[in-house]
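Report on the following structure.
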Amino acid sequence: MTDWLGPQEWQAVLLSLKVSVIATLASLPFAIAVAWVLARKRFPGHGLFSGLVHLPLILPPVVTGYLLLITFGTKGPVGSLLQPLGIVFAFRWTGAALAAAIMSFPLTVRAIRLGFEAVDPKLEDAAATLGAPRPWIFLTVTLPLIFPAILAGTTLGFAKAMGEFGATITFVSNIPGQTQTLPSAIYALLQVPGGEGPAMRLVLISVAIAMTAVLISEWLARRARSAA
1 MTDWLGPQEW QAVLLSLKVS VIATLASLPF AIAVAWVLAR KRFPGHGLFS
51 GLVHLPLILP PVVTGYLLLI TFGTKGPVGS LLQPLGIVFA FRWTGAALAA
101 AIMSFPLTVR AIRLGFEAVD PKLEDAAATL GAPRPWIFLT VTLPLIFPAI
151 LAGTTLGFAK AMGEFGATIT FVSNIPGQTQ TLPSAIYALL QVPGGEGPAM
201 RLVLISVAIA MTAVLISEWL ARRARSAA
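In this text, residue positions in the sequence shown follow UniProt numbering: the first is 1, and each later residue adds one.
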């Protein structure tokens with residue numbers, strides 16, 4: 001594959017995998033927590049909170065990238081606080097991971113929320129009557145029941161992170177070897193004469209990675225259902 005791809009394209013593939021995996025794993029615990037709140041709690045502002053969670057799906061990606069830039073940039077209110085700690089997001093691969101995590105977060109939350117809503121609360125209440133503490137019930141009863149939904153949300157989030165373009169290129173630019181992910185590399189190749197061939201190879205790799213993620217998710221979901 002290294003002969004089939006040039007060094008710059010190979011770097012884009014590896015960087016996309018790195019960014020997508022980190023973005024998915026880092027956002028997953030927060031997605032589970034937010035999905036549980038949206039599914040099980042009712043409070044003033046519930047609709048507003050849900051809207052804010054799903055806002056990246058509604059806003060143009062470029063707008064999200066700009067908001068990330070003015071917030072997490074070196075002059076931004078958050079970025080200026082993190083910079084002395086050595087944490088920099090703007091124009092770094094870490095910023096690409098942050099952008100991918102934020103853009104994929106609503107899809108992950110939505111899938112996991114449906115899993116929570118499908119679980120009968122009476123099952124959790126029955127475990128509580130036996131004296132089990134709520135955190136233990138959540139870990140041993142609720143999470144196993146929604147495991148297929150977590151897999152679905154994780155797969156959706158990973159796929160969205162792999163395909164993220166607008167917010168990423170706005171926030172971290174398109175620097176080869178540093179912030180150039182698969183979509184950015186495909187876009188750059190299509191802007192130059194003769195770049196259609198390498199771009200098509202990257203497209204095929206993107207499809208292969210996405211299909212592999214879906215197949216693995218389906219296999220794990222079947223294993224979970226059979227174990228249950």
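Virtual Cβ for every residue (Gly too), placed ideally from N, Cα, C.
Three-state class that DSSP yields for residue 210 in the structure shown: helix
Assuming residue 156 contacts residue 108 under a Cβ cut-off of 8 Å, what Cβ separation, rounded to an integer in Å, is found between them? 6 Å
Determine, using beta carbons only, whether residue 116 and residue 20 come nearer to each other than 8 Å. no
For residue 184, which residues from the same chain have a beta carbon less than 6 Å from its beta carbon, with the 5 sequence-adjacent residues on both sides left out? 169 and 174
Quick check on residue 13: buried or exposed, where buried means 16 or more other Cβ atoms within 10 Å of its Cβ? buried
To which residues of the same chain is residue 91 closer than 6 Å at the C-beta, ignoring the five residues directly before and after it? 172 and 173
By how many angstroms is the C-alpha of residue 32 removed from the C-alpha of residue 48? 18 Å
What three-state label does DSSP hand residue 231 in the structure shown? Because the chain is modelled from 1 through 228, residue 231 falls outside the range shown and cannot be assessed.
Report the residue ranges of all alpha helix (DSSP H) runs contained in full by the region 92-156; include only those spanning at least 4 residues, in chain order. 93-118, 121-129 and 134-137
If we count the other Cβ atoms within 10 Å of its Cβ and call it buried at 16 or more, is residue 164 buried or exposed? buried
I need the DSSP call for residue 164, collapsed to helix, strand or coil. coil
Which of the three DSSP states is assigned to residue 74 in this structure? coil
Would you decide whether residue 113 is buried or exposed? Buried here means 16 or more other CB atoms lie within 10 Å of its CB. buried
May I ask you to report which of helix, strand or coil DSSP gives residue 59? coil
From residue 16 to residue 134, what does the alpha carbon distance come to, in whole angstroms? 38 Å
Mapping DSSP to helix, strand and coil, what is residue 90? coil
Just to confirm before moving on: does the CB-CB distance between residue 189 and residue 199 stay below 8 Å? yes
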